Amino acid sequence: AAVGFSAYTHLSSAPDRLARWQDRWDNKTTAWHLEEQHPLLLKYGRQLLERQRVLLPHESSEKSPKKTSVLFPLCGSSMDLAHLALRGHPVYGVEGVKVAVDALLSAFGQEGVALPCAQDHRRQAAAAGLRLRTAVAPGEAGSDTPAELKAVEGDFLKLTSSAAGALGLPAFDAAFDRGALVAIEPSDRRAYASTLTGLMAPTGRVLLVAVEHDAFSDGRLGPPFNVSEVQVRELFGEDFAVELLQREDRFELEPTWRKRGCTHFAEVAYLLTRRPRVS
Numbered sequence: 005a006a007v008g009f010s011a012y013t014h015l016s017s018a019p020d021r022l023a024r025w026q027d028r029w030d031n032k033t034t035a036w037h038l039e040e041q042h043p044l045l046l047k048y049g050r051q052l053l054e055r056q057r058v059l060l061p062h063e064s065s066e067k068s069p070k071k072t073s074v075l076f077p078l079c080g081s082s083m084d085l086a087h088l089a090l091r092g093h094p095v096y097g098v099e100g101v102k103v104a105v106d107a108l109l110s111a112f113g114q115e116g117v118a119l120p121c122a123q124d125h126r127r128q129a130a131a132a133g134l135r136l137r138t139a140v141a142p143g144e145a146g147s148d149t150p151a152e153l154k155a156v157e158g159d160f161l162k163l164t165s166s167a168a169g170a171l172g173l174p175a176f177d178a179a180f181d182r183g184a185l186v187a188i189e190p191s192d193r194r195a196y197a198s199t200l201t202g203l204m205a206p207t208g209r210v211l212l213v214a215v216e217h218d219a220f221s222d223g224r225l226g227p228p229f230n231v232s233e234v235q236v237r238e239l240f241g242e243d244f245a246v247e248l249l250q251r252e253d254r255f256e257l258e259p260t261w262r263k264r265g266c267t268h269f270a271e272v273a274y275l276l277t278r279r280p281r282v283s
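With the numbering used here applied, the sequence shown closes on residue 283, and no number is skipped along the way.
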């Protein structure tokens, strides 16, 4: 079970864009939550997690590779985070709903106080309504090193590069977006893309899962919101090479979309690879 610590700075009121999701968690209407690892992360995880870096002259290709740092934006209580954290990867989730973070960390292990940071940095992060929480669990079999899962509780769109630095976050080698871009309002997409891009390392990769569908019976397009390939390329194409991995028709496999009034529904996976910066 999670252990609470009063040393954490209290969060400010959640912005309006989080209120709907707070209600869903409070009422336990979280149909999007999977009780197993996401099949697309299992299928394309190797492509996502391969580190792309140039060996330094004194380094050997036989040297034990550094583990890939992975970001999960708008993570909820996804089991995917634990799957990678237990394999030694530095894993960070970002989630704006406290009860979801509570569930994520308590399912993983015992919650403890995160490493201390400078007081001015702590104030800077607190001003953005962000706090870093950590849970610890036994590591891989044969390892004396415990596994850690870290979660930033707060609004993802406030996680600027300076706020991330204040919290001690790395520049991420990889990110898995399943249910983030499709959950936010279309008016917030550019801010989301900018925030995500700013958190990635120069050779970072993103496994992005989008959905394509027509309007629901009430006229709405989401959530989950329809995001076309053209829109993905418009949002990320300047900073990332965008590779379409697969488009799968889920309409007959998931009856809920017919019930909601759709005539088609597809799940689409992309691999985004950070473009080299031009000096």
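All C-beta atoms, glycine included, are put in the ideal place defined by N, C-alpha and C. Since the structure is predicted, the reported quantities are computational estimates derived from the model, not experimental observations.
Euclidean distance between Cα positions of residue i and residue j
i	j	result
G285	G183	Residue 285 lies beyond the stretch modelled for the chain, which goes from 5 to 283, so this question has no answer here.
T138	G97	10 Å
R279	L211	15 Å
P174	T260	39 Å
L78	S198	15 Å
E66	R264	Low confidence applies here, because E66 scores a pLDDT of 46, under 50, leaving its location unreliable; read the following figure in that light. Spanning the two alpha carbons is a distance of roughly 53 Å.
V105	H93	19 Å
G113	S147	16 Å
D222	G143	48 Å
V282	E233	25 Å
R209	Q51	9 Å
H268	L200	29 Å
G172	L257	42 Å
D253	L108	30 Å
A155	L136	6 Å
F176	F244	14 Å
S165	A205	11 Å
Y48	A270	18 Å
A170	V213	29 Å
D181	V272	12 Å
A141	A89	9 Å
P190	T149	42 Å
A168	Q250	32 Å
R224	M83	29 Å
Q41	V215	18 Å
D159	G133	7 Å
H217	Y196	21 Å
V236	D20	25 Å
R91	S110	18 Å
P43	K70	25 Å
Range of the contiguous alpha helix (DSSP H) that encloses residue i
i	result
Q235	E233 to F240
F112	K102 to F112
D243	Here D243 belongs to no alpha helix (DSSP H), and DSSP marks it neither H nor E.
T260	T260 to K263
Cross-strand partners of residue i (DSSP beta bridge)
i	result
K154	Y96 and T138
E40	Answer by DSSP bridge pairing: none, since E40 is not bridged.
H87	H87 pairs with nothing; no bridge assigned.
R209	A178 and T277
E216	A270
L248	Y274
Residue i vs residue j beta-carbon contact at 8 Å
i	j	result
L22	V103	no
E115	E157	no
L161	L203	no
V186	V231	yes
V95	A179	no
F240	L276	yes
T85	L153	The amino acid occupying residue 85 in the given sequence is Leu; Thr does not appear at that position. Contact: yes.
Extent of the continuous beta strand (DSSP E) to which residue i belongs
i	result
R278	F269 to R278
T201	From DSSP, T201 is part of no beta strand (DSSP E) but of the alpha helix (DSSP H) over R193 to L203.
L75	V74 to P77
Which ranges does the beta strand (DSSP E) cover as unbroken runs of at least 3 residues, wholly within the stretch 165 to 189, from first to last along the chain?
176 to 182
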